[in-house]
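Undergrad: Mind looking over this structure? Questions follow.
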Amino acid sequence: MPLKVSSKNNFPVTDQKGMVIWLFGLSGSGKTTISTLLKEKLQREGFFATTLDGDVLREGINRDLGFSESDRAENIRRAAEIAKLMMLNNIITICSFITPLEQHRKLAAEIIGERYFEVFLDCPLAICKERDVKGLYKDADLKLISNFTGVSARFEPAINANLVIKTNTESAIESMDKLFSKIISYISPLS
Numbered sequence: 065m066p067l068k069v070s071s072k073n074n075f076p077v078t079d080q081k082g083m084v085i086w087l088f089g090l091s092g093s094g095k096t097t098i099s100t101l102l103k104e105k106l107q108r109e110g111f112f113a114t115t116l117d118g119d120v121l122r123e124g125i126n127r128d129l130g131f132s133e134s135d136r137a138e139n140i141r142r143a144a145e146i147a148k149l150m151m152l153n154n155i156i157t158i159c160s161f162i163t164p165l166e167q168h169r170k171l172a173a174e175i176i177g178e179r180y181f182e183v184f185l186d187c188p189l190a191i192c193k194e195r196d197v198k199g200l201y202k203d204a205d206l207k208l209i210s211n212f213t214g215v216s217a218r219f220e221p222a223i224n225a226n227l228v229i230k231t232n233t234e235s236a237i238e239s240m241d242k243l244f245s246k247i248i249s250y251i252s253p254l255s
């Protein structure tokens, strides 16, 4: 377990460096799956990690937001502020948000700072539609959902991602392992 009790303070402290791993991509690109797998691997390796998922936040703290560009920006701003608070407490925070526009990713990076690691899950729209477990693409194609990213709302590809993973050409485990190998040096225990 990565938490230990400090004899000096008598409260748990983490023995790792916090960071924010920001996964973004179209709906169905694998964000939630890879973030869950990464969290589980980190925990097995003795790290303290948590996930922030866009769908979950929209059911709670962000339920007052719609899908206009300004609401999407506010959704990302709130998520980045939460992630930053966790990071400042040495928690590894894995975020999974569509984050469709470069200006949204830039906003998250500016809020979080140097411990922000951006990962683009690059998957063709056709494959994401095949994986449509929630039926959202079907509803968007039928015009039952408006402003749906990749269909009726724009998605800008990565410009400054630290890592690009093509989730249509490898398994979720392979994608997670690739990501884990890239971040491990950032989260080594504090000296």
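Residue numbering for the sequence shown follows the working numbering, beginning at 65 and increasing consecutively. We put the beta carbon where it would ideally sit given N, CA and C, even for glycine. As the structure is a prediction and not an experimental result, all values here were calculated from the model.
1. DSSP state of V197, grouped into three classes?
2. Looking at the strands, I want to know which residues DSSP matches up with K230.
3. Could you tell me which of N226, H168, Y201 sits nearest to M186, measuring between CA atoms?
4. Here's the rule I'm using: 16 or more other beta-carbon atoms within 10 Å means buried, otherwise exposed. How should V197 be labelled?
5. Tell me, to the nearest whole angstrom, how far the beta carbon of P164 is from that of A217; I am working on the premise that it is less than 8 Å.
6. For the pair the region 84 to 91 and the region 170 to 183, tell me if three or more CB-CB distances fall below 8 Å.
7. From A144 to G124, what does the alpha carbon distance come to, in whole angstroms?
8. My guess is that I251 and I156 are in contact by the Cβ rule of under 8 Å, so how many angstroms apart are they, rounded?
9. Cβ atoms of I158 and T115: under 8 Å apart, would you say?
10. So the candidates are T231, F131, L171, R142; which of them puts its Cα closest to the Cα of R195?
11. For K246, which residues from the same chain have a beta carbon less than 6 Å from its beta carbon, with the 5 sequence-adjacent residues on both sides left out?
12. Going by C-alpha to C-alpha distance, which of I98, T213, R179 sits closest to M151?
13. Could you check how far apart the C-beta atoms of H168 and A147 are, in whole angstroms? I think they sit under 8 Å.
14. Taking only the alpha-carbon atoms, compute the straight-line gap between T213 and K202 and give it to the nearest angstrom.
15. Go through its chain and collect everything with a Cβ distance to T96's Cβ below 7 Å, but skip five positions before and after it.
16. On the CB-based measure, 16 or more other CB atoms within 10 Å of its CB, does L208 come out buried or exposed?
TA: In this structure, then:
1. If DSSP states are grouped into helix, strand and coil, V197 belongs with coil.
2. D186, per the DSSP bridge assignment.
3. Per the sequence shown, the amino acid found at residue 186 is Asp instead of Met. Of the candidates N226, H168, Y201, the one whose C-alpha sits nearest the C-alpha of D186 is N226.
4. Label assigned to V197: exposed.
5. Right, their Cβ atoms sit about 7 Å apart.
6. A contact exists between the region 84 to 91 and the region 170 to 183.
7. A144 and G124: Cα-Cα distance of roughly 15 Å.
8. About 6 Å separates the two Cβ atoms, so the contact holds.
9. Cβ atoms of T115 and I158: closer than 8 Å.
10. From the listed residues T231, F131, L171, R142, the smallest Cα separation to R195 is found for T231.
11. These residues qualify, in order along the chain: L227.
12. Taking only the C-alpha atoms, the option nearest M151 is R179.
13. The Cβ separation is near 13 Å, so there is no contact.
14. Rounded to the nearest whole angstrom, the C-alpha separation of T213 and K202 is 13 Å.
15. Within the same chain, D117, S160 come within 7 Å of T96 by CB-CB distance, once the 5 residues on both sides are set aside.
16. Exposed.
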